[in-house]
Each structure stands twice: as C-alpha cells, then as structure tokens.
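Numbering (the numbering used here), first residue to last: 122 to 400.
Scroll down for the structure; my scribbles are underneath it.
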Ligand code: AMP
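Structure representation (structure tokens):
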C-alpha cells in the first residue's frame, strides 16, 4: 500500500493509474468496522482503492472536540493494508489549506438544520474538504456511510448541484450486536454511559415500530422518539423525521421514504444515529 503524504505524491500516484475505476473513501481515521465496510465495498467495485485520513479542522466548531478526536495513524494504515487498499492519503493541514484560503462551499438551507444547527459551519467545512479531496483524487466512485445521513445527503446534493463527475455510493450503518452504531467517538464513552448510549437506537426502533403500524404524522413520530429518550433519562439535541428526498420535515400526506434522525449527548460524548422507516 502506498502512503501519500502530500498532494504532489497523490497527483503522481493518480497519474500512474491507467485503466479501471478509482474508488475513494474519505475518513478522519480511528478506523473501525464501519470504515472497513466502505473500503471493502470499494475494493469489490473498483480497480484501485484510495482512502484518505484527515481530521479536518474546518468542520470542528468546537476546538476541544478537535483536540480530543482520536488519532491512530499507524494502526489505521495496518488495517487498510490488510483490507487491500492501494493507497492512503495522509495530508497535513498545511497541505490541505493555504494560509490565505478563504473560499468555502455553502451547503444551503439543509446545512443549517439538525447537525448544522448544533454545529454551525460544520457542513460548510465538510463539503469544502470533500470537494477538495475529490478535485485532488478525481475518483470515479466515492463511498460514504448512511450513519452520517445528513452529510451523505449534502455530499450527494453537492455532486449533483455542482456537476461533479463522481458517483456517490451509500453504505449501510454497521452496528454493535446490541444496535449501537459504530463510531470513532464510542471509545470515549465511560462504562456507565455505554448502556445509555443505546437510547438512540431504542428511540429509532420505537419510531420504526409506530411507522410500521401505520402512523404517518411526522410530528407524532418525532414525539414518540422524544418520549422514548425521556423514559431513558436522555435529552436528545433533536429527534425528528425527515423526507429522504429533501432532508426537510415531510409534508403531511406525502408518501415518500422517510428517515428518523437523532443526536444526543451521553456523558462527554455527542452521538448521532438514524434509520430509514419501513412500512
Ligand atoms: P469519519 O471517519 O467519522 O469521518 O467517517 C468516514 C466515513 O465512514 C463516513 O462516510 C461515515 O459515514 C462512515 N462511517 C462512520 N461510521 C460508520 C458506521 N458505523 N457504519 C458505516 N459507515 C460509517
């Protein structure tokens, strides 16, 4: 596996690829089985697989969160090698952003809601770095997890709205046996917090049950999630149902696909999760 330390090394490696598709998996490292599933899917579908590891300061509005974000570069590289990735791009902040850098991608209205409301500027930072990585790597296919559903929605919109020549591929959320979505942040959950972390998944299961039983009032579905959280003694940042096509609250009476989304702070850790609702 090639280790690419800066954009020039990446460009040289990219130019050496002759035929077949390039699959790209952008990550912030601290890799777990969720990331593995994206790399494995890329490996199945593409001739070459590139993974990036970059903890993007632009998408952290909370400097403490940035400082505490886990960094496990050597273990990550060994993991990627075992998964059969062809190259890993490990840029520094200086390689990514020139000191005078100032132009940013503007995510629009959806970027201000839910995760965007809790983390002002977050999605502008995410889309800016993803666009830069796409420009540098020029992948045919890029792999993102449904775990970050709002991010996936906005990356898809960016690719469509800015005519990017890349196919955005969504991969299902990988969970622990009890339902907790894998996250690089789970390692920071204390022993006492671990059972409470499951309240997100329990709320998503409760809303799924009521949806399958025929409940179609979006407000009501949100309330069901919030009651479930309250019963567990956890106060969510948000617990809502959105239309999969718009990532906005579904208009009453519409019959498209809906997704339940939630975020909650458990102990010192902020967790997010979501679930597509099935009839
Ligand atoms: P991150 O390193 O957290 O920025 O995540 C990199 C990519 O892995 C994103 O596309 C995430 O949505 C995806 N990802 C993170 N956790 C999971 C998971 N539990 N299952 C599937 N994909 C995930």
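Glycine residues also receive a C-beta, built at the ideal position from the N, C-alpha and C atoms.
Distance cut-off 7 Å: residue i Cβ against heavy atoms of ligand 1
{"i": "residue 137", "result": "no"}
{"i": "residue 302", "result": "yes"}
{"i": "residue 158", "result": "yes"}
{"i": "residue 305", "result": "yes"}
{"i": "residue 253", "result": "no"}
{"i": "residue 274", "result": "no"}
{"i": "residue 383", "result": "no"}
{"i": "residue 284", "result": "no"}
{"i": "residue 249", "result": "no"}
{"i": "residue 349", "result": "no"}
{"i": "residue 142", "result": "no"}
{"i": "residue 279", "result": "no"}
{"i": "residue 287", "result": "no"}
{"i": "residue 269", "result": "yes"}
{"i": "residue 181", "result": "no"}
Check whether residue i and residue j have beta carbons under 8 Å apart
{"i": "residue 144", "j": "residue 264", "result": "yes"}
{"i": "residue 321", "j": "residue 299", "result": "no"}
{"i": "residue 271", "j": "residue 218", "result": "no"}
{"i": "residue 191", "j": "residue 151", "result": "yes"}
{"i": "residue 226", "j": "residue 279", "result": "yes"}
{"i": "residue 247", "j": "residue 201", "result": "no"}
{"i": "residue 239", "j": "residue 358", "result": "yes"}
Neighbourhood of residue i by C-beta, 8 Å cutoff - its chain only, sequence neighbours within 5 removed
{"i": "residue 370", "result": "339, 361, 362, 363, 364"}
{"i": "residue 187", "result": "176, 178, 181"}
{"i": "residue 110", "result": "Residue 110 lies beyond the range of the chain shown here (122 to 400); nothing can be said about it."}
Residue from the options whose Cα sits closest to the Cα of residue i
{"i": "residue 166", "options": "291, 142, 366", "result": "142"}
{"i": "residue 389", "options": "189, 163, 146, 132", "result": "189"}
{"i": "residue 333", "options": "138, 157, 396, 279", "result": "396"}
{"i": "residue 401", "options": "351, 311, 122, 266", "result": "There is simply no residue 401 to check, as the chain begins at 122 and stops at 400 in what is shown."}
Extent of the continuous alpha helix (DSSP H) run through residue i
{"i": "residue 274", "result": "270-282"}
{"i": "residue 482", "result": "Missing from the structure shown is residue 482; the chain here goes from 122 to 400 and no further."}
{"i": "residue 251", "result": "243-258"}
Cutoff 6 Å; reference residue i; Cβ partners in own chain excluding five residues on either side
{"i": "residue 153", "result": "303"}
The beta strand (DSSP E) enclosing residue i, as first and last residue numbers
{"i": "residue 123", "result": "123-125"}
{"i": "residue 385", "result": "379-387"}
{"i": "residue 390", "result": "390-397"}
Close beta carbons around residue i, own chain, < 7 Å, minus the five adjacent residues each side
{"i": "residue 222", "result": "none"}
{"i": "residue 243", "result": "180, 182, 236, 237"}
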